[in-house]
Amino acid sequence: MPGPPVSAIIVGGLPCGQGWCSAGAARWRRCAVRIYGVDFTSAPSSAKPIVCAKCWFEEGKLQVEEINTGISDFGAFEAFLGAPGPWVAGLDFPFGLPRKLVEELGWPCSWAEYVGGFCGTDEDVRRFEILIAGYRLRKPPGQKHLFRETDRRAGAVSPMSLYGTPVGRMFVRGAPRLLRAGVNVLPCRPVGDSRTVVEVYPGLAARKLVGRVPYKRGRAKSGLSEMAEVRRRIVEGLLRGLPGLDYGLLIEIEDELIEQCLADETGDRLDSVLCAVQAAWAYSQREFGWGIPPWCDPVEGWITDPALLDAPNPF
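Be aware that the sequence shown starts at -13, since it is given in the working numbering, and climbs by one per residue.
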C-alpha cells in the first residue's frame, strides 16, 4: 500500500500560527466528553461485529483512542448502551421510519410508541419484512420505497430497504434497544439522560471526499486494490481538510489505527471513525440544536451532518 501512514486527520480546519482555526472555533467551550462512532450491523457476529471507535473530544480536538471490534452480539451492544455517561454516540442506522409509512400502517405517530412495538428479535425482523412486502404489493411503481426527509437530503437509502444495505432490518434491531436503554435519542426521544445518541451516515462524509466511488468490499465491481486506494484518499483528504469538509474538527489517531482502517476491506473501521467525526460535530452544535433543524419530525429522526444543517423547511 503506497504512501506513509497518516498520524493526524484535520477535518474542515486550517492551521494557523497560534493553533487550529475553523469557521466554528468560537463555538467551542472547555468541555470534554467521550465520543463513540458505531458502525452497526443487523446480524453481529465474530466475523462481522459491530465496530466502535472510542474517542475523547475536547476543545475541537477528537482523539481516536481505540477501535473496538469485539461487539459480536446484541448483548454486548446493550451493555455498551448501558455504560454510564456522559457520552455521545453516533450510530449509522435509521432511528425512525417515514411518517407516511407509520400513518398508513396505522401505527401511533409517536416514536416511542411505534418503536416500542418491536423488541429487536428475529421474529420482529420477519414480521417487519412481511409488513413491508405487503405494503409494497399495494403500491404502484415509484411508491414502493418511502423516504424520510433526512434520507432525501443525505442521499441515503430508504429505511424500508431489506436487502443490499438492509437498513430496515437495522432499524428493527437497533431502535428498540435504544428505547429500552433509556438513552437520550435525538430528536426522537429527548429525555435529558447523560448518554446521548445521534443518527449518522458515514457514507455522506466519505462522499464529500471521493464522491460515490466504492471504498469497501460488497457488491461494488471495483477491485480490492482500487478500493484500498480510495480508503487512503479518504484518509488523506481528511488530513488536508479539503474545502468540501465542514466539520471544523482536528482528529488525532495513532498510526496503527490508521493502518487498520486502510487495511480493513469491509470499511467498517473507517466508517466507525467517520461516525465519530459526525457525532463530535453534533456535540459541538449542542447549543444550536445538535445540528438538527427545529422543524425536524421526531417521528422520523434526522441524520446529523453539517451538509444538512441549513436545510430549508419543506413543510
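We treat Cβ as the ideally placed atom computed from N, Cα and C, and that holds for glycine. All of these numbers come straight from a predicted model, not from anything done at the bench.
>> Using DSSP's beta-bridge definition, name the partner residues of ASP25.
In response: Residue numbering aside, residue 25 sits at position 39 when the sequence shown is read from its first letter. Per DSSP, VAL37.
> Taking the Cβ atom as the reference point for each residue, do TYR22 and LYS34 lie within a distance shorter than 8 angstroms?
Replying inline: For the purposes of this step, residue 22 is taken as residue 36 along the sequence shown, with counting starting at 1. For the purposes of this step, residue 34 is taken as residue 48 along the sequence shown, with counting starting at 1. No, the pair does not count as a contact, with Cβ atoms beyond the cut-off.
> Quick one: is SER180 buried, meaning 16 or more other Cβ sit within 10 Å of its Cβ, or exposed?
Replying inline: Within the sequence shown, numbered from 1, the residue matching residue 180 stands at position 194. It counts as exposed.
> Is the stretch 99 to 110 touching the stretch 155 to 175, taking contact as three or more C-beta pairs under 8 angstroms?
Replying inline: yes
> So, LEU248 versus ALA214, is the Cβ gap smaller than 8 angstroms?
Replying inline: Here residue 248 corresponds to residue number 262 of the sequence shown, with the count starting at 1. Here residue 214 corresponds to residue number 228 of the sequence shown, with the count starting at 1. In contact: LEU248 and ALA214 (Cβ atoms closer than 8 angstroms).
> With a CB to CB cut of under 7 angstroms and the five nearest residues on each side skipped, what residues in its chain are close to TYR100?
Replying inline: Here residue 100 corresponds to residue number 114 of the sequence shown, with the count starting at 1. Around TYR100: VAL88, TRP93 and PRO94.
> In three-state DSSP terms, what is VAL305?
Replying inline: Any answer about residue 305 is impossible in this case: the structure gives the chain only from -13 up to 301.
>> I'd like the list of long-range same chain contacts for THR55, defined as Cβ closer than 7 angstroms, with 5 residues on each side in sequence excluded.
In response: Position 69 of the sequence shown, counting from 1, holds the residue named residue 55. So the qualifying residues of the chain are PRO35 and VAL37.
> From which residue to which residue does the beta strand (DSSP E) around LEU236 run?
Replying inline: Here residue 236 refers to the residue found at position 250 when the sequence shown is read from its first residue. Looking at the DSSP string, the run of the beta strand (DSSP E) that includes LEU236 is 235 to 239.
> Hey, ASP137 and SER147 are a contact pair by Cβ (cut 8 angstroms); roughly how many whole angstroms apart?
Replying inline: Position 151 of the sequence shown, counted from the first residue, corresponds to residue 137. Position 161 of the sequence shown, counted from the first residue, corresponds to residue 147. Wrong, their Cβ atoms sit about 10 angstroms apart, outside the cutoff.
> Cα separation between VAL183 and PHE133?
Replying inline: Taking the first residue of the sequence shown as 1, we reach residue 183 at position 197. Taking the first residue of the sequence shown as 1, we reach residue 133 at position 147. In a straight line, the C-alpha of VAL183 is about 21 angstroms away from that of PHE133.
>> Which of the three DSSP states is assigned to GLU286 in this structure?
In response: To locate residue 286, count along the sequence shown from 1; it is residue 300. Coil.
> Does the beta-carbon distance from ILE289 to TYR121 come in below 8 angstroms?
Replying inline: The count along the sequence shown starts at 1 and reaches residue 289 at position 303. The count along the sequence shown starts at 1 and reaches residue 121 at position 135. No, they are not a contact pair.
> By a C-beta neighbour count over all protein chains shown, 10 Å radius and 16 as the cutoff for buried, is ILE244 buried or exposed?
Replying inline: Counted from its first residue, the sequence shown places residue 244 at position 258. It is buried - the Cβ of ILE244 has at least 16 other Cβ atoms within 10 Å.
>> So for ALA142, helix, strand or coil by DSSP?
In response: Residue 142 sits at position 156 when you count from the first residue of the sequence shown. DSSP places ALA142 in coil when its eight states are reduced to three.
> Taking the DSSP output, what are the residues bridged to GLY76?
Replying inline: Translated into positions along the sequence shown, residue 76 becomes position 90. In DSSP, GLY76 forms a bridge with GLY23 and VAL184.
> Any idea if ILE(-5) is buried or exposed, counting beta-carbon neighbours within 10 angstroms, 16 or more meaning buried?
Replying inline: Residue mapping note: residue -5 aligns to position 9 of the sequence shown, counting from 1. With a pLDDT of 35 at ILE(-5), under the threshold of 50, the modelled position of that residue is not reliable, and no figure is offered here.
> So, is ALA65 buried or exposed, given that buried needs 16 or more other C-beta atoms within 10 angstroms?
Replying inline: Position 79 of the sequence shown holds residue 65. Result: exposed.
> Taking the alpha carbon of ARG124 as the point to measure from, which residue in LEU91, SER211 and ARG20 has its own alpha carbon closest?
Replying inline: If you number the sequence shown from 1, residue 124 lands on position 138. Cα-wise, what sits closest to ARG124 is LEU91.
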